[in-house]
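Undergrad:
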Amino acid sequence: MKFRPLSLSLILILCSPAYASLNKLTEELIENNFGIQEKDQQIFISKQNVQQFWAMRPWNLNIDASYRNDHSAFFTPVSNMNAVYQNYLAQFNKRLVWGGQFQVDATFIRTVRDDENFIYVFGKDQGEPKTFFNFKMGISYIQDLGRNVFGREEYKDLETREYAVSVSRASKDLEIESKVLEFFVAYIKVRQLKTVLISEKNALDRAKKRTNLIRRMVKDGLRLDVDLDESRMIEIEKEEAVKRAYINLGTTLERVSNLVHREVKEDEIKELDPFGKVLPLTLKSKGNPHNNKIIKLFEAQIRQLQLGLQYINYGFVPSIKLILDYKTDAIGTGEFEVLREGNLTGEFFDATAMVRLEWPLGYPEKDVEKAKAGIDLNTAKMRRNKEFRNIQNSEYYIRYRLKMLEENIVKAKKRWDLSKVVLDKYNKLYNLGRTDLLQSLTAEERRIFTELRYISYIGEREELLAQLAFLWGSLKDTISKI
């Protein structure tokens with residue numbers, strides 16, 4: 123045959139449109155992928171748990187107001203007297219982060235007596251007032267000096283909540299790295315299949331030209347009809363191969379589209395260059411498995427479990443509370459008088475200092491809780507160690523496969539070049555009538571098979587390099603530098 127098709131590399135260079143870069147598509151993935159967005163929401167929830175810690179310790183204001191008209195048939199000094207009472211109470215209190223509780227309260231009572239049933243509280247020489255007032259103020263402070271000394275339980279709870287944010291971030295980092303790997307594999311597959319499609323189209327063009335040439339030779343009586351039928355059969359087979367390549371390409375484009383949650387068109391991703399590279403990595407590239415995102419997440423979870431265990435250990439210490447209380451009181455017939463004399467600077471006061479010890483005789487519930495937390499911690503450490511060992515194993519065998527693959531790429535390239543030479547020679551021999559069509563078609567099939575195998579090797583190499591970068595926790599960063 124006297125035709126010479128364009129080489130695959132030349133076809134890839136000619137008429138190249140403007141494609142979306144891998145870096146841009148990866149950024150779009152990170153921004154739009156639902157799995158990554160879900161991790162963002164988990165981070166937000168963790169931050170809200172930190173805010174909740176502070177929200178649980180507000181200033182509280184309690185106000186009570188009551189009216190009581192007591193005209194019961196029986197009364198004693200204990201039940202006061204038949205009278206009308208108006209009580210007003212205002213109370214401020216706050217739970218403090220360092221294990222203390224602070225409270226200030228004030229009580230104002232207005233009493234209007236019953237003239238017939240009145241107990242003299244001022245003495246006869248002072249007259250018999252019908253209305254008098256009582257004002258009380260108090261300030262108290264309680265500090266835990268035992269289990270929650272200086273608020274260590276509170277601060278440990280806060281530290282645990284804050285570290286939960288770090289765990290959520292580590293979980294997001296792992297999700298990003300995993301999605302980027304999944305996306306990259308699909309992206310490379312699209313590029314590989316687009317190159318396969320070009321190869322199949324080139325093979326179809328060669329088949330059509332072969333059929334046309336044989337048709338003329340049959341017409342001239344130089345070849346038999348069976349050669350034309352066989353050539354036509356191969357041409358139809360190549361048409362099927364092109365359709366099959368389109369189907370495979372559409373399936374992979376669907377995977378890419380589902381990852382970024384939009385339709386990714388065929389013309390947004392370029393073909394895979396058989397003689398180029400996508401990732402700037404080689405078999406000799408080095409990385410640190412300790413930076414693997416799975417390991418980072420496990421380490422964050424281990425630290426979180428350690429904080430929880432420390433919090434549980436605080437529960438084995440008895441509660442020792444220092445209670446300080448100071449109260450003032452005043453009673454009289456004038457409102458402003460009792461307000462002035464009954465405040466915290468007043469003359470009449472009651473001061474109390476007390477230590478209260480609460481020591482359970484045994485901690486069976488805490489023992490169980492600590493045992494469970496210890497098991498969870500040891501399990502997490504074991505999982506981390508096993509996973510790290512698996513990462514080391516994976517790196518070793520990925521490098522092993524890469525080494526074999528690089529050797530196969532070199533051999534496949536030589537075989538591809540030879541297949542083109544062999545096909546040209548068989549075509550010339552067939553045109554000269556020195557060989558049959560079957561040998562020429564066999565050479566054609568070998569060329570196509572070798573070409574597709576070589577393209578497959580190139581795509582597989584990129585996938586293995588991406589897996590290496592994933593093991594080192596650097597795939598996203600590697601792509602961002604392309």
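Quick note on my numbering: the sequence shown kicks off at 123 and runs consecutively.
From the three backbone atoms N, C-alpha and C, an ideal C-beta is built for every residue, glycine too.
These numbers were taken from a predicted model, which means no experiment stands behind them.
Look at the Cβ atom of residue 383, then the Cβ atom of residue 154, and state whether they are nearer than 8 Å.
TA: Cβ atoms of residue 383 and residue 154: closer than 8 Å.
Undergrad: So, under 8 Å CB-CB, residue 667 and residue 433 are touching, yes? Tell me the CB distance rounded to an integer number of Å.
TA: Given a span of 123 to 604 for the chain in the structure shown, any question on residue 667 remains unanswerable.
Undergrad: How would you write the range of the beta strand (DSSP E) that residue 377 sits in, first residue to last?
TA: Note, residue 377: premise wrong, no beta strand (DSSP E); alpha helix (DSSP H) at 347-382.
Undergrad: Measure how close the beta-carbons of residue 392 and residue 158 come, nearest whole angstrom, since I'm counting them as under 8 Å.
TA: That pair is no contact at about 25 Å.
Undergrad: Among residues of its own chain, excluding the 5 on either side of residue 349, which ones have a beta-carbon nearer than 6 Å to its beta-carbon?
TA: If we look at residue 349 and ignore the five residues flanking it on each side, its Cβ neighbours are 336, 559.
Undergrad: Which of helix, strand or coil does DSSP assign to residue 404?
TA: coil
Undergrad: For residue 485, which of helix, strand or coil comes out of DSSP?
TA: coil
Undergrad: Among residues of its own chain, excluding the 5 on either side of residue 506, which ones have a beta-carbon nearer than 7 Å to its beta-carbon?
TA: 417, 420, 421, 424
Undergrad: From residue 469 to residue 461, what does the alpha carbon distance come to, in whole angstroms?
TA: 12 Å
Undergrad: Tell me, to the nearest whole angstrom, how far the beta carbon of residue 168 is from that of residue 290; I am working on the premise that it is less than 8 Å.
TA: 4 Å
Undergrad: At a threshold of 7 Å, does residue 462 count as lining the ligand NAD (C-beta to nearest heavy atom)?
TA: In the structure on display, the ligand NAD does not appear, and there are no ligands present to speak of.
Undergrad: Just confirm the distance between the C-beta atoms of residue 283 and residue 175, as a whole number of angstroms; I'd bet it's less than 8 Å.
TA: Going by Cβ atoms, the distance from residue 283 to residue 175 rounds to 6 Å, so yes, they are a contact pair.
Undergrad: State the Cα-Cα distance for the pair residue 180 and residue 173, rounded to the nearest angstrom.
TA: 12 Å
Undergrad: Is residue 246 buried or exposed, if buried means 16 or more other CB atoms sit within 10 Å of its CB?
TA: Confidence is the limiting factor: at residue 246 the pLDDT is only 48, short of 50, which leaves the residue's position unreliable, though a coordinate-based value still follows. Flag for residue 246 reads exposed.
Undergrad: Whole angstroms are fine: how far does the CA of residue 479 sit from the CA of residue 234?
TA: A direct Cα-Cα distance of roughly 44 Å separates residue 234 from residue 479.
Undergrad: Any chance the region 560-571 sits against the region 514-531, with 3 or more Cβ pairs inside 8 Å?
TA: At 8 Å Cβ cutoff, the stretches do not touch.
Undergrad: Excluding the five sequence neighbours on either side, which residues of its own chain have a C-beta within less than 6 Å of the C-beta of residue 201, listed in chain order?
TA: Bear in mind that the predicted position of residue 201 carries a pLDDT of just 49, short of 50, making it unreliable; the figure below should be weighed with that in mind. Excluding residues within five positions, none has a Cβ falling inside 6 Å.
Undergrad: Reducing DSSP to helix, strand and coil, say where residue 413 ends up.
TA: helix
Undergrad: Hey, out of 554, 537, 313, 463, whose CA is closest to residue 606's CA?
TA: Because the chain here runs from 123 to 604, residue 606 falls outside it and cannot be looked at.
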